[in-house]
Amino acid sequence: MQNELRRYIDRLRTEGYSVRDDHGEDPDLIDTRGRAVDTWRENYPYDERMDRATYEVEKYLLQIELLKFQAWAKDNDSKHIIVFEGRDAAGKGGTIKRFQEYINVRHARVVALNKPSDRESGQWYMQRYIKHFPTAGELVMFDRSWYNRAGVERVMGFCTDHEYERFLDHVPLFEQLIIDAGISLTKFWFSVTQNEQRTRFAIRQLDPVRRWKLSDMDLESLDKWELYTAAKEEMFRRTDTDHAPWTTIKSNDKKRARINAMRFFLDQFDYENKDDQVVFGADPKIVRRGRDAVGD
-16 MQNELRRYID RLRTEGYSVR DDHGEDPDLI DTRGRAVDTW RENYPYDERM
34 DRATYEVEKY LLQIELLKFQ AWAKDNDSKH IIVFEGRDAA GKGGTIKRFQ
84 EYINVRHARV VALNKPSDRE SGQWYMQRYI KHFPTAGELV MFDRSWYNRA
134 GVERVMGFCT DHEYERFLDH VPLFEQLIID AGISLTKFWF SVTQNEQRTR
184 FAIRQLDPVR RWKLSDMDLE SLDKWELYTA AKEEMFRRTD TDHAPWTTIK
234 SNDKKRARIN AMRFFLDQFD YENKDDQVVF GADPKIVRRG RDAVGD
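Residue numbering for the sequence shown follows this note's numbering, starting at -16 and increasing by one per position.
So, in structure tokens, the structure goes:
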């Protein structure tokens, strides 16, 4: 599949496909007739993507609400974790960037860990994550998390069957301890379809300023789509609990995904001066409970 993708990208380059950036940081792949490739439509519940003007207004209003939430969290010494998971190129990083665009970095952090060091490999699996947990008044956003074991490590053979099974058995208990410690835990899964993922990979290869975002691991994952699907669904079945549910977000339209992620997160809390005209239930066409999305 890696070679297939490279041949596909070489063909696009030869035929004159290009990348257009007039959507800000959401580029389109443009065909030889100047039309945007519309693989985002695959199994998507809307006929049109959210337009940029609407997106910018809604994003700005929700970012104001995030500032209110952050001030409330600081005043009340509350602690919060958001886990961002999903396939490669599903839009996790872009959503995190919009969450953190204006918030006070003294009380909010993004954690994106590299592969474990030799020392970390010898530790209890959860240990390297716990040391990044929030203190009073803090929000921590994990750009991938302990769920690496249920996804990448499982599919790529980086853990044993025993380690995998032990993880799935223990993680609901681990997350119950997190909740019992007074830490809110929000778990997002960003869902992108196979053809749209391939389009996004092509954009990363054709655009020199984005090429760094496409790793060998990304390419290697392409021929393991079904294995990743099976791993995700088993993860939902065994770790989507009432105390720590999974929330899936259809992210073929990145703008809608970001807006709904922010809205869903904020709607969980009764913070001071919350604007109910801005913060309300997320779009059920886009956002679902993880265990309800198994088989989709």
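Beta carbons are placed, not taken as given, at the ideal position from N, Cα and C, and that holds for glycine.
Between L151 and the set K80, T22, E216, the nearest pair of CA atoms involves E216. The alpha carbon of K268 has as its nearest neighbour, out of E209, R187, S174, R181, the alpha carbon of S174. As computed with DSSP, K170 is found in a beta bridge with V66, W229. Per DSSP, M218 has no beta bridge partner at all. Within the same chain, V261 come within 7 Å of L44 by CB-CB distance, once the 5 residues on both sides are set aside.
The Cβ-Cβ distance between R241 and K42 falls below 8 Å.
Annotation note: the segment 34 to 120 contains the following uninterrupted beta strand (DSSP E) runs of length 3 or greater, listed N- to C-terminal: 62 to 69, 91 to 94. Listed as beta-bridge partners of F125 by DSSP are V66, V94.
With 16 or more other Cβ atoms inside 10 Å of its own Cβ, Q180 counts as buried. With respect to the C-alpha of L156, the residue from F125, R221, D275 having the closest C-alpha is R221.
Close CB contacts of G165 within its chain, under the 8 Å cut and outside five residues either way in sequence, are with S61, K62 (chain order). The beta-carbon separation of I64 and L160, rounded to 12 Å, does not stay under the 8 Å limit for a contact. Remark: C-beta atoms of E25 and N178 approach each other more closely than 8 Å. Put simply, of G264, Q53, R127 the residue whose alpha carbon is nearest the alpha carbon of G76 is R127. With respect to the 8 Å criterion, V270 and I232 are classified as neighbours on the basis of their beta carbons. The alpha-carbon of T22 is positioned some 29 Å away from that of F263. Across the structure, L(-5) and R187 are spaced so that their CA atoms are roughly 13 Å apart.
Here T176 is buried. Its C-beta has 16 or more other C-beta atoms within 10 Å. It is roughly 29 Å from the alpha-carbon of R89 to the alpha-carbon of V154. Non-local beta-carbon contacts of H115 in its own chain, meaning distances under 7 Å to residues more than five positions away in sequence, involve V94, V123 in chain order.
Between G273 and D223, the C-beta spacing is below 8 Å.
Under the DSSP assignment, R16 falls outside any alpha helix (DSSP H); it carries neither an H nor an E label. By a beta-carbon distance limit of 8 Å, K238 contacts D9. Their separation comes to about 7 Å.
For T78, same chain residues with a beta-carbon under 6 Å away, outside a window of 5 residues either side, are R241, A244 in chain order. Boundaries of the alpha helix (DSSP H) harbouring R241: 237 to 250, taken from the DSSP string. The distance from the Cβ of V138 to that of A185 is about 22 Å, inconsistent with a contact at the 8 Å cut-off.
Closest by C-alpha distance to N256, out of Y0, L50, I13, is L50.
Following the DSSP letters along the chain, one finds V2 inside the beta strand (DSSP E) bounded by residues 1 to 3. In this structure, DSSP gives V175 a state outside helix and strand, which the three-state scheme calls coil. Straight-line measurement puts the Cα of D(-7) at about 43 Å from the Cα of R149.
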